[in-house]
Every structure is written in C-alpha cells, then in structure tokens.
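Number of protein chains: 2
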Amino acid sequence: MTIRRSLTCVLIAVAVCASVRAQTADPLPSWNNGPVKEKIVAFVRAVTNANNPRFVQPAERIAVFEHDGTLWVEQPMYTQLQFALARVRALAPSHPAWKTQMPFSAVIDGDDKAFEAAGEKALGDVVVATHTGMTPDEFTQLVVDWIASARHPRFNRLYTDLVYQPMIELLTYLRTNGFKTYIVAGGTVEFVRAWSERVYGVPPEQIIGTAFVTKYSVSSGRPTLTREPDVDVVDDGPGRPVAIQQFIGRRPIFAFGSSDGDQQMLEWTAGQTGARFVGLLHHTDGVREYAYDRTSNVGRLDKALDEATSGNWTIVDMKRDWGRIFAFEPTN
Amino acid sequence: MTIRRSLTCVLIAVAVCASVRAQTADPLPSWNNGPVKEKIVAFVRAVTNANNPRFVQPAERIAVFEHDGTLWVEQPMYTQLQFALARVRALAPSHPAWKTQMPFSAVIDGDDKAFEAAGEKALGDVVVATHTGMTPDEFTQLVVDWIASARHPRFNRLYTDLVYQPMIELLTYLRTNGFKTYIVAGGTVEFVRAWSERVYGVPPEQIIGTAFVTKYSVSSGRPTLTREPDVDVVDDGPGRPVAIQQFIGRRPIFAFGSSDGDQQMLEWTAGQTGARFVGLLHHTDGVREYAYDRTSNVGRLDKALDEATSGNWTIVDMKRDWGRIFAFEPTN
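Protein sequence lines, in the order shown, are assigned to chains U and D.
Each residue of the first sequence is one higher than the last, beginning at 1 in the numbering used here.
Each residue of the second sequence is one higher than the last, beginning at 333 in the numbering used here.
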C-alpha cells in the first residue's frame, strides 16, 4: 500500500467512525415525540437488526414516497401547473394566436375561473404546449431556470423551500439505514428530476413519474431525443404499483402518500406478509400549511383516509406530529 | 459511542482498508494486455481523477450494458427463447389442443425447422403463452426454477455459467470506481431480474428491458399485479435510448453492446461532448465460443460494426482481447 492509499484508508475510517457516532443523535428532530415517531423508529430498528425476526436485507429495503402534498406543498395549485402557466405567459409573445384561443387566452389574461371552467382538456392542452416538442435536456433547463426564481403565492418563498423538513429528515434517516429511497410522482418525471438530487438527495434514476412518449432520431449525425405530445406512462392511482414493478421490480417495504391517488401504492405495500410500513400524511394544519382532505380539488384525501383508518396504516397528523414543517421556520 | 458501535466502526474501517488494498491488483485479469484493455483502464482512471479535465462526478458515472451476446452467450438461440420452449413442453399436458396447434405442436414435437419457418408471429405466440397471465412473482419463480437446472446444448453448463468472465470483471471494476451499472436488455426485464443480482451484482432496479402491460387489481382485499398479453416497452433499437431516458434520466458515459439492436444506444452514448466510452463486442472466437456477425440470425452485427469502425468506438475482438471467456476455463 502506498502512503497515499494508506492516508485515504485512514481518512475513510475516520469518516466512517464519525458517521457511526452521528447516528446516536435524534434522526427526526422535526417530528414531535409520540406514537407516530416511535412507530417509524421502531420499524427502522426492527428491519435493520439482524437478530430481529422482522430483519430485511439491505437490498430489499425499498422506500417509496409520493411527491405533491407528501414531500412538498401542493396548495393552492400543483407546482407543476404553476410552471405550465408561467411557460404559457412566457411563450405568449411568440404565439399571437393564443390571445383569443382558449385555454391560452384565459391563462394570459390571468382569468383563473375561465381556465378552471375549461376543465381537464384545457389542462392537457396547456401541459402539452409547454412540456413537449423539445429534448429532455431543454425541458430540464426550463424547469431549473423557473424553479430558481418562481415564488409561492402565499409563502413568497421558492418552491424548493416548501419541501417538508420532517420528510427530508425521514428520507435521510432511511438512507442512513440502508434504504433506497424513491419518489413516485404523479407529475411529469423530468419536472422532479431537474432538482430532486439537490433538494431531496434522490437522484434522477430514483424518480418515477408520468412520462411523455419520447422519440429517438439522428439528424446530421447527431442523435436526439424529442418529447412528443402523447402521454406514455401515467403514474397515478393503479398506475403507481404498475410503475413500481416496471421501474424497481421489487415490492417496497415502506411507502408514504397523502391522497387518494396514492391509495393503490399504499395498498400494494401494505398487502404483503412480512415487515412493512405504510404512512399517510393528513394535512391538518391550516395555520402553518393548509388543512384539507375529503372535498379538496387538489390532493383529495377521502377513500385512502378510510382505508388507512381500517387498515394498519400510520396516519401522520401534520398539526400534531410535526414540530416544524419547513426548514425556514425557527426551531423550538 | 457504545462498545458495540466502536467495534462495528473498527470492523468497517478494517474492511475499507482491505478493499483499498485489493484495488492495487489487476482489476481485469481475464482481459489480455493490449490497446483495448489499456483504453478501458485509461478511461476509468481519467473520469475518476479529480485533477483530470475528463473527471466525471460519481453521480454521473452511468454505465449501460446490453445483455444477450454482451454479457452472456446468445447462440445458438437466445436463452429466453430456450426458456419459452421449455415452458411450452412443460405446459403441454394441460393444453391438449396444442398437440395439433401451430406453433405449439412444432415445439412439442421438437420440430425446430417448422417452428422457425412460422416466423415472428409464432415466436410472439409462444412468448405470450409462457410469459403472461400470471403475477410478476410467479413468473420470477418459473425463471428461477428453470435457470437452476437447464443446460446449454453445446457446453452442457448452466446458462448462468455462460456469462462472460471479462464482463463480470468489467462490471465490478466500474462499480469499484463509483459507476452505477445497468443492464439494458432486449428481452423481458423480469427474465433477467430473476437472477441478475446473484450473477452480475446488478440489482433488479438497474435492469431495464422489454415489458408486458401489467394490470393492478384487488380481489378479496388482496392487491395483485397481472402480466397481460401485450407488450408495453420495447427495449430494442431506437427504444433503448428512449428507455434509458425514461428509467435513468441521465445519459450514460459508458456503454457496451454487441449487435445492431444496440446501435442507437451506443450512438446515444457516443454522440455527446465530454468523457465517454463506447464498446462493441465482436464474436470472433469459434473455438471457445462462437464466431458470427453480419449474416447471423441471432445477434446480427452489421451496421453497428460499420459505425464502430468509422466512429471512435472500441471494438473488442473476443479471440484477441479475452484471455479467458468463462469462469470455468482454467486460468493461464
């Protein structure tokens, strides 16, 4: 062994020891002490303890998290939709016809009521016009640029500041304990991949999401991928367990969601023998965040709430269980 | 720190030091010394050296390998097809109608010529009959059972013994250097996932492949996934770079293939600025393995061979560059 290698070896050893020591601190400081936090910690301790009958090999420790409303704020409007509307306004000067063409005219005029009244079809038109007809790299750059400056209407903060601090801690805690953490997003996969590694520590290849048909072509010897105006994978409802099988090929032992669109993913995780943890985040804090469930148009939580209550799912009451919601709040 | 934690820490440190020491040995002992091996090693050294202008961050070190003919033997018939034919014969007693129904009758009678003459449609019928209408777990178990005992007609060895030892070393070498290794298979993804971790050290979530439409349902409170008789993802030709984008979301910097079906994946890796390595395995050893290229029905290598020659791809000549092809061969 050369001196350089020996030094590397010692440095790594020191880092490993420091990391072992760090694990003795509370890994979930933004979670209030109580049954929910205890259940999470007990689960992680059980599946990582080789002497526990519930022990799970590291390779099988797959954790999946839904995105909107589970890892970051989804009210009053999904962030990806905010992005799409901003893109319509940015593109308007080069699309003069949009001035009189619904739903684009409603977006340009800021007429939210007219846009909402135009329904799902209008939403689809806006998403296709702003998310396709470009390469994945070009789309990523648009997201990176927008998310670096766009602000949430109520909090006046960057959207990436509106990720839930307790969930960041949970993601880190799971990874420290050998879990592989995945985000299973209902929105477009590249919208999340553009910044997920920086904000969540989750790399692009561990983001699953709705995807557009993509075409490969070569022009002038240069290979190109192009996002086409058709949806390929729909990662919502029953599409979530299907996408998990397709992308991961293992059944998660840990899943977290927050709405009816996540019900099947949570059922799929719950419906197996052996160790598993199923969490459902209930938005109950209208002061610090938002309070909504059964009648909300955004992130409706109705059937999944009933299923959580009747099954062995863990309901996280945001108001009760989270001491701090955002990193920018002062710590208690 | 408790005594137990301290002990863990020391043990990990010792393991780390041993691993650092191991790296000083030749990482590719089954590759003959020469320009190809030198090029691989030079590439890996460059992208892992922070002082080198070609340095690549660990997160961006994505390596993709095609499967049939790149990582294991594909002659005289793709292994997955051997599996499908074996399944037809195993299922025949419970499908009496197959006795007189093409292409099943040809398979049951062992009439290879009639089966081949029936073409692509026959192949599709056999694959659908043997690969769908069950859960992914049930399919995986069928593969696990079959591959534990089925033997290659020429070598009389388990198919998992017919993986290429130089490629196993290359996969390990890349991972030791911070690469994430993926298999991008033209065949059905679950066929490879069933044993990839054990044989290649590549976990299921890093296997991309052709997939069947999968449906989610709940019956008697039990959630189930079912493989349907329609192909969803076709992971071949131009479908490979598309699947890489969809599953990984990053452009690989290292790619290895062996046939025309891999051409677009190799182009996609080659066609970027910055560090990249593109390898093409040429089957030139009719004594130790098989010699075939431009006219073979299995793993045809024609256009991609021309493109490799005109571009900056590295052609691996199996006869010249591999000192040992299979682990069961005696070492020189």
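Just so you know, even glycine gets a beta-carbon here, dropped at the ideal spot from N, CA and C.
_Selection from U:Phe65, U:Gln272, U:Ala84 that minimises the alpha carbon distance to Asp235 of chain U_ = Checking every option, the nearest Cα to that of Asp235 of chain U belongs to U:Phe65.
*Have a look at Phe544 of chain D and Thr464 of chain D and give me their C-alpha separation to the nearest angstrom.*
Each residue's alpha carbon lies about 8 Å from the other.
_Which of the three DSSP states is assigned to Arg559 of chain D in this structure?_
Strand.
*In chain order, what residues of the same chain have a beta carbon less than 7 Å from the beta carbon of Leu494 of chain D, not counting five sequence neighbours either side?*
Excluding five sequence positions before and after Leu494 of chain D, the CB atoms of its chain that fall closer than 7 Å to its own CB belong to Trp404, Val405, His484, Phe487, Phe658, given in chain order.
*Identify whether Gly178 of chain U lies in helix, strand or coil by the three-state DSSP scheme.*
Shown here, Gly178 of chain U sits in coil according to DSSP, grouped into three states, outside any helix or strand.
*Give the interface partners of Thr214 of chain U over in chain D, defined as CB-CB distance under 8 Å, in chain order.*
Those are Val574, Gln577, Gln578, listed as they occur along chain D.
_Tell me which residues share the same chain as Leu281 of chain U and place their Cβ nearer than 6 Å to its Cβ, disregarding the 5 neighbours each side in the sequence._
Only Thr70, Ser258, Val316 meet the Cβ criterion.
*asked:* For the stretch 250-279 of chain U, list every residue whose C-beta sits within 7 Å of some C-beta in chain D, in sequence order.
replied: Cβ contacts with chain D: Arg250, Gln264, Glu267, Trp268, Gly271.
*What does Val531 of chain D pair with, by DSSP beta-bridge criteria?*
As DSSP reads the structure, Val531 of chain D sits in no beta bridge.
*asked:* Does Pro385 of chain D pass the burial test, meaning 16 or more other C-beta atoms within 10 Å, or should it be called exposed?
replied: Residue environment for Pro385 of chain D: exposed (fewer than 16 other C-beta atoms within 10 angstroms of its C-beta).
*Is the shortest distance between the beta-carbon of Ala59 of chain U and the beta-carbons of chain D less than 8 Å?*
Judged by the 8 Å Cβ criterion, Ala59 of chain U is in contact with chain D.
*The beta strand (DSSP E) spanning Phe328 of chain U covers which residue range?*
Secondary structure note for Phe328 of chain U: it is in no beta strand (DSSP E), with a DSSP letter that is neither H nor E.
*Please classify Thr605 of chain D: does DSSP put it in a helix, a strand, or coil?*
Coil at Thr605 of chain D, not helix or strand.
*In chain D, which residues lie less than 7 Å from Pro136 of chain U when you measure between Cβ atoms?*
Within 7 Å of the CB of Pro136 of chain U, the CB atoms of chain D belong to Gln577, in sequence order along the chain.
*Give the residues from the stretch 215-230 of chain U that approach chain D closer than 9 Å (Cβ to any Cβ), ordered along the chain.*
Of all residues in the stretch 215-230 of chain U, those with a C-beta nearer than 9 Å to a C-beta of chain D are Lys215, Tyr216, Ser217, Val218, Gly221, Arg222, Pro223, Thr224, Leu225, reading in chain order.
_Can you check whether the C-beta of Pro76 of chain U is within less than 8 Å of a C-beta belonging to chain D?_
Answer no: the Cβ-Cβ gap between Pro76 of chain U and chain D never drops below 8 Å.
*asked:* Spatial neighbours of Phe83 of chain U within its chain, please: C-beta separation below 6 Å, excluding the five flanking residues on both sides.
replied: Cβ neighbours of Phe83 of chain U beyond the five flanking positions: Trp146.
*Is the shortest distance between the beta-carbon of Ala640 of chain D and the beta-carbons of chain U less than 8 Å?*
Not one chain U Cβ lies under 8 Å of Ala640 of chain D.
*Could you please give me the residues that DSSP links to His614 of chain D through a beta bridge?*
DSSP, once it has assigned bridges, lists D:Asp649 as partnering His614 of chain D.
*Just curious, the beta strand (DSSP E) that Lys547 of chain D is in, first and last residue?*
First-last of the beta strand (DSSP E) with Lys547 of chain D: 539-551.
*Report yes or no: is there a C-beta of chain D within less than 8 Å of the C-beta of Ala211 of chain U?*
Output row for Ala211 of chain U: interface = yes.
*What are the complete beta strand (DSSP E) segments, minimum 3 residues, inside the stretch 385-466 of chain D?*
Qualifying beta strand (DSSP E) stretches, in chain order: 394-398.
*Closer than 9 Å by beta-carbon distance: list the chain D residues that pair up with Ile183 of chain U, in chain order.*
Residues of chain D whose Cβ lies closer than 9 Å to the Cβ of Ile183 of chain U do not exist, since the nearest Cβ in that chain is about 12 Å away.
*Since I believe Val127 of chain U is in contact with Trp195 of chain U (beta carbons under 8 Å), could you give me their beta-carbon distance rounded to a whole number of angstroms?*
So it is not a contact: roughly 19 Å between Cβ atoms.
*Output yes or no for whether 8 Å exceeds the beta carbon distance between Ile62 of chain U and Arg89 of chain U.*
Contact check for Ile62 of chain U against Arg89 of chain U fails: the beta carbons are separated by 8 Å or more.
*On the DSSP bridge assignment, give the partners of Gly257 of chain U in chain order.*
Bridge partners of Gly257 of chain U: U:Leu280.
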